[in-house]
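Novice: Sequential numbering of the sequence shown, starting at 14, is according to the working numbering. Take this structure first; my questions come after.
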Amino acid sequence: MSDIDIKRISYLAKLKLPSEKEEFYSKSLEDIIQWVDNLKKIETSNVKPLHNVTETTVSIRNDDIEKNNTTEEVLKNAPERAQNFFKVPKVVE
Numbered sequence: 014m015s016d017i018d019i020k021r022i023s024y025l026a027k028l029k030l031p032s033e034k035e036e037f038y039s040k041s042l043e044d045i046i047q048w049v050d051n052l053k054k055i056e057t058s059n060v061k062p063l064h065n066v067t068e069t070t071v072s073i074r075n076d077d078i079e080k081n082n083t084t085e086e087v088l089k090n091a092p093e094r095a096q097n098f099f100k101v102p103k104v105v106e
């Protein structure tokens with residue numbers, strides 16, 4: 014990558030690169046581009062697309078109705094109650 018390319022890319026990305034780092038970033042970008050080019054060469058025509066990396070299916074539980082405690086059962090051990098609610102000391106003035 015040329016010096017001009019690095020300056021243009023940094024300008025477009027709104028980055029301020031110190032001039033002493035331009036060579037480092039130029040080499041890094043060349044390495045990334047080479048890596049992507051290598052990925053493009055991989056033969057994937059016989060590979061099935063993945064929907065999930067682990068290839069496991071999500072087991073969803075049945076939405077079964079279960080017997081829950083009644084209001085009376087829940088409130089029977091409450092120290093104080095007001096109608097069908099727990100009565101607690103006031104905390105905020």
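Note that beta-carbon positions come from the ideal geometry of N, C-alpha and C, so glycine has one too. Everything numeric in this text was worked out from a predicted model, so none of it was measured.
Can you name, in chain order, every residue of its own chain whose Cβ lies under 8 Å from the Cβ of I55, other than the five neighbours on each side?
Specialist: Here residue 55 refers to the residue found at position 42 of the sequence shown. Once the five neighbours on either side are set aside, I55 has no close Cβ partner at all.
Novice: Under three-state DSSP, which class holds R21?
Specialist: Locating residue 21 in the sequence shown gives position 8, counting from the first residue. If DSSP states are grouped into helix, strand and coil, R21 belongs with the helices.
Novice: Just to confirm the assignment, what range does the alpha helix (DSSP H) spanning L52 have?
Specialist: Taking the first residue of the sequence shown as 1, we reach residue 52 at position 39. Per DSSP, the unbroken alpha helix (DSSP H) holding L52 starts and ends at E35 to K53.
Novice: Here's the rule: buried if 16 or more other CB atoms are within 10 angstroms of the residue's CB, otherwise exposed. What is I19?
Specialist: In the sequence shown, the residue the question calls residue 19 occupies position 6. Counting the other Cβ atoms within 10 Å of the Cβ of I19 gives 16 or more, which makes it buried.
Novice: Is the distance from the Cβ of N97 to the Cβ of T84 below 7 Å?
Specialist: Against the sequence shown, residue 97 aligns to sequence position 84. Against the sequence shown, residue 84 aligns to sequence position 71. Annotated as proximal: N97 and T84, with beta-carbon spacing under 7 Å.
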